[in-house]
Amino acid sequence: MTVFQILEKIYLDKNTGNYEKIFILNNKPNDVNLTQYIKQIPRNKLSPFDNFYNNEQHCFYAFIDPRNNYSFLNQNDIDLLINILTDSGYKIEYNMMKLLKNNKKNDIFCFISK
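See the structure below:
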């Protein structure tokens with residue numbers, strides 16, 4: 001069984017200068033059904049005061065919007081995200097979320113498995 005975390009991360013779009021909270025995977029999937037909806041993007045500094053040299057990965061695997069390949073799925077697109085996951089054969093692991101209910105890491109949106 002393969003398990004992934006779906007996280008919500010604040011992303012700075014360098015083209016528009018806008019900040020948005022997008023959905024990302026914690027690791028790159030090896031599943032063609034899912035990778036068609038994933039784009040590897042660099043982790044941009046959100047401000048000049050950010051510490052870029054911390055333990056976070058330098059690239060994210062963001063979910064792209066299937067209606068517009070130039071934008072990413074965000075909080076307004078939860079229905080699209082769930083459709084992508086179920087159509088790709090993944091299920092949301094509610095029991096894992098219950099285990100981490102009191103976790104201080106508040107950027108976890110959900111866990112998925114296949």
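If you read the sequence shown in UniProt numbering, its first letter stands for residue 1, the second for the next number, and so on. Idealized CB from N, CA, C, for every residue including glycine.
Query                                                                                             : Result
Segments of 3+ residues assigned as beta strand (DSSP E) that fall wholly inside the region 56–92 : 59–65, 68–72
Residue burial classification, residue 110 (beta-carbon count within 10 angstroms, cutoff 16)     : buried
Residue of 98, 29, 70 minimising C-alpha distance to residue 113                                  : 29
Residue interval of the alpha helix (DSSP H) (run including residue 94)                           : 94–99
Proximity below 7 Å, CB of residue 73 to CB of residue 81                                         : yes
Cβ-Cβ distance between residue 26 and residue 5 below 7 Å                                         : yes
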